[in-house]
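The sequence shown begins at 167 in this note's numbering and counts up by one.
All C-beta atoms in this analysis are idealised placements derived from N, C-alpha and C, irrespective of residue type, glycine included.
Contents: one structure, followed by commentary.
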Amino acid sequence: MHEFTTPKETKKEEKYESIILQIKHLVKDEKDIIGILSNIAAAIHQTFEWLWVGFYIVKKNQLILGPFQGPVACFRIEKGKGVCGMTWKLNKTIIVHDVEKFPGHIACSSDSKSEIVLPIKKNNRIFGVLDIDSIELNSFDKTDQKYLEKIVNIIEKKLG
Ligand code: SME
């Protein structure tokens with residue numbers, strides 16, 4: 167078992183570079199997608215100490231709660247609802263600097279202040295989303311998007 171080492175670097179870019187390498191190594195011999203998503207959620211959560219890091223997976227026209235790290239969350243999200251449902255509907259990454267200003271935001275935890283959600287695709291269809299919540303406003307920017315898309319890419323390759 168590969169041991170995950172939390173990067174000591176202080177710059178966000180360096181932390182991402184480090185965990186991306188480790189995630190690639192961690193998942194290279196594994197095929198089970200639930201295990202892969204679980205360890206990726208843990209690796210991101212452990213590195214950045216964000217409030218909530220996890221996945222919702224499309225099943226029968228709803229997003230269903232998948233592997234995550236953080237507080238208890240809602241089980242199901244309809245297409246177009248909340249940041250996750252809107253990411254699914256629009257098929258693009260959404261960065262929310264202040265969740266109170268996002269109409270229809272679903273507050274699973276009142277501690278969440280900003281959020282980023284990225285679509286994950288399989289055969290050109292949405293497989294699910296990666297959702298990350300922070301207790302601070304303005305936690306996510308284009309740098310996070312760029313690196314988290316690389317992590318999503320690792321997942322998409324595993325989905326085939
Ligand atoms: N805030 C999300 C719901 C999921 S929780 O944050 C874990 C949304 O608005 O879709």
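DSSP, reduced to helix, strand and coil, places PHE306 outside both helices and strands of the structure shown, so it counts as coil.
Under the DSSP definition of a beta bridge, GLN188 lacks any partner.
A distance below 8 Å separates the beta carbons of PHE293 and ILE286. Burial state of ALA273 is exposed, judged by a 10 Å Cβ sphere holding fewer than 16 other Cβ atoms. Look at the beta carbons and you see the region 264-281 not touching the region 178-187: under three pairs across the two are nearer than 8 Å. Distance from ASP264 to ILE282 at the Cβ level is roughly 13 Å; contact not present, criterion being Cβ atoms closer than 8 Å. In terms of side-chain proximity, the C-beta atom of ASP310 is found no nearer than 7 Å to any non-hydrogen atom of the ligand SME. Assigned with DSSP and collapsed to three states, LEU314 falls in helix. Of the candidates LYS267, GLY246 and GLU266, GLY246 places its Cα closest to the Cα of ASN257.
Comparing alpha carbon positions, the residue from HIS191, THR213, ALA209 and SER204 closest to LYS174 is THR213. With contacts defined by Cβ atoms closer than 8 Å, VAL224 and TRP254 form a contacting pair. CYS240 and MET252 have their C-alpha atoms some 16 Å from each other. Counting C-beta atoms within 10 angstroms of its own C-beta, THR259 has 16 or more neighbours from the protein chains shown and is therefore classed as buried.
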